[in-house]
Amino acid sequence: AIRGRAYYSRAAKEDRSDLMVKKLRYYARFIVVCLLLKKMKLVRDLVMELDKQIVDYTSTYEPDDQLEWSLVLEEIKSFIKADGIVSVLHADSNTIVLSHRLSPLTTPPVEKSTMMNLSLQEILIVGNCNDQVKFSELTMDMFRMLQTLER
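Per my numbering, numbering of the sequence shown is gapless, rising by one per residue and ending at 166.
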């Protein structure tokens, strides 16, 4: 709705840079949401828009945080690139598309007894690698684990 209604359309025309910073933060948050929803085409479109907005921001205001926003852009580009690196091939060399989500069709059946009534209520995800590809504190391993455990 924010994007469609162009709430931040006048941000670059303002004398103050704070509205433009809000716009850049909006883009970064929206990209995270789209990543979690696996809307990769929209992510790529948003990254291009974010790139243009950062260029406008730096040329209009000459801010002190210019390098930080460039780093944010590089992080998301690296994250997208790393997400597509792993591909699983079938025996006939065709790529298998994995949704990275658990479902009754992709998990083996469990024999249920009257004593067993298990359900996953909460999880604690812990990553253990330094220098992972990440965007907005979301590392690639966390991203994949979240998708796997998502309901």
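All residues carry an ideal CB built from backbone N, CA and C; glycine is no exception.
Note that the coordinates shown come from a computational prediction; the quantities given were computed from them, not determined experimentally.
Query raised in the report: Should Leu52 go down as buried or exposed, given a rule of 16 or more other Cβ atoms within 10 Å for buried?
Result: exposed
Query raised in the report: What three-state label does DSSP hand Lys149 in the structure shown?
Result: strand
Requested in this report: Under 6 Å Cβ to Cβ from Tyr72, same chain only, skipping five residues before and after it: list those, please.
Outcome: Counting only Cβ-Cβ distances below 6 Å, and skipping sequence neighbours, we find Met35.
Report task. Could you tell me whether the stretch 38 to 57 touches the stretch 65 to 81, using the rule of 3 or more Cβ pairs below 8 Å? Result -> yes
Requested in this report: With a threshold of 8 Å, establish whether the CB of Phe94 neighbours any heavy atom of the ligand FMN.
Outcome: As for the ligand FMN, it is missing from this structure, which has no ligand bound.
Requested in this report: Can you give me the start and stop residues for the alpha helix (DSSP H) that Leu52 sits inside?
Outcome: First-last for Leu52: undefined, no H or E at that position.
Requested in this report: Evaluate Leu164 with the Cβ neighbour count: other Cβ atoms within 10 Å of its Cβ, from every protein chain shown; 16 or more gives buried, anything less gives exposed.
Outcome: exposed
Query raised in the report: Near Ile91, which residues of its chain fall below 7 Å by C-beta distance, leaving aside the five closest residues on each side in sequence?
Result: Ile46, Val62 and Phe150
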